[in-house]
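>
Residue numbers (our numbering): 958 to 1087.
So this is what it looks like as structure tokens:
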């Protein structure tokens, strides 16, 4: 028989779909979902019930984000949010994921240049002095 572990008084267990996700990530996900719903509201689009229509509408929103110069990270957050909070659509967002892959191919990622050797030595000296 399994026993349920007691939590401190006043602490509630969170929903299992939120376990393993940080508060900051959850906040980012909800923010992107709110933007999507606002976009749909402005353009008179109701929440699609059919997964294929949902995929089409989200893909068009992702395309709009790309064309308006929004952050690639925001688009990824939106798709991750949908996958996390609406698990039944996780495997059904084919066009949306294709648009994300296409966007990822055109995003130029720049690597940070390494710091100068003098700076590294100064930092190491400061660390040793502590």
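Think of the CB as a built atom: it goes at the ideal place given N, C-alpha and C, for glycine as much as any other residue.
Looking only at its own chain, which residues have a Cβ that is under 8 angstroms from the Cβ of residue 1003, when we skip the five neighbours before and after it?
Here the question's residue 1003 lines up with position 46 in the chain shown. Counting only Cβ-Cβ distances below 8 angstroms, and skipping sequence neighbours, we find 997.
> Measuring alpha carbon to alpha carbon, tell me which residue in 1081, 1039 and 1000 is nearest residue 1021.
Here residue 1021 is taken as the residue at index 64 of the chain shown, counted from 1. When each option's Cα is compared against that of residue 1021, the closest is 1000.
> Taking only three categories from DSSP, how would you classify residue 1000?
For this step, residue 1000 is matched to residue 43 along the chain shown. Looking at residue 1000 - three-state DSSP - the assignment turns out to be coil, as it is neither helix nor strand.
> Between the region 977–996 and the region 1026–1040, are three or more C-beta pairs nearer than 8 angstroms?
Cβ pair count under 8 angstroms is three or more, so yes.
> Give a yes or no on contact between the region 1005–1024 and the region 1039–1051, applying the rule of three or more CB pairs nearer than 8 angstroms.
Touching, per the Cβ criterion.
> So the candidates are 1056, 1030 and 976; which of them puts its Cα closest to the Cα of residue 1066?
Start at 1 with the first residue of the chain shown, and residue 1066 comes out as number 109. Measuring from the Cα of residue 1066, the nearest candidate turns out to be 1030.
> State buried or exposed for residue 1014, treating a residue as buried only when at least 16 other CB atoms are found within 10 Å of its CB.
Within the chain shown, the letter at position 57 stands for residue 1014. Its Cβ being crowded by 16 or more others within 10 Å, residue 1014 is buried.
> Between the C-alpha atoms of residue 1087 and residue 980, what's the straight-line distance to the nearest angstrom?
Mapped onto the chain shown, residue 1087 falls at position 130. Mapped onto the chain shown, residue 980 falls at position 23. Their Cα atoms are separated by approximately 34 angstroms.
> Within 10 angstroms of the Cβ of residue 1084, are there 16 or more other Cβ atoms? Answer buried if so, exposed if not.
Reading the chain shown from its first residue, position 127 is the one you call residue 1084. The residue is exposed, with fewer than 16 neighbouring Cβ atoms inside 10 Å.
> Identify which residue in 1016, 1040, 1044 and 1072 has its Cα closest to the Cα of residue 1055.
On the chain shown, position 98 is the one that residue 1055 refers to. Residue 1016 is the option with its Cα nearest to residue 1055.
> For residue 1046, which residues in the same chain have their Cβ closer than 7 angstroms to its Cβ, ignoring the five residues on either side in sequence?
Here residue 1046 refers to the residue found at position 89 of the chain shown. Cβ within range, chain order: 1008, 1011 and 1039.
> Let's test the definition: count the other Cβ atoms within 10 Å of the Cβ of residue 1058 and tell me whether it reaches 16, buried, or not, exposed.
Here residue 1058 corresponds to residue number 101 of the chain shown, with the count starting at 1. Residue 1058 should be labelled exposed.
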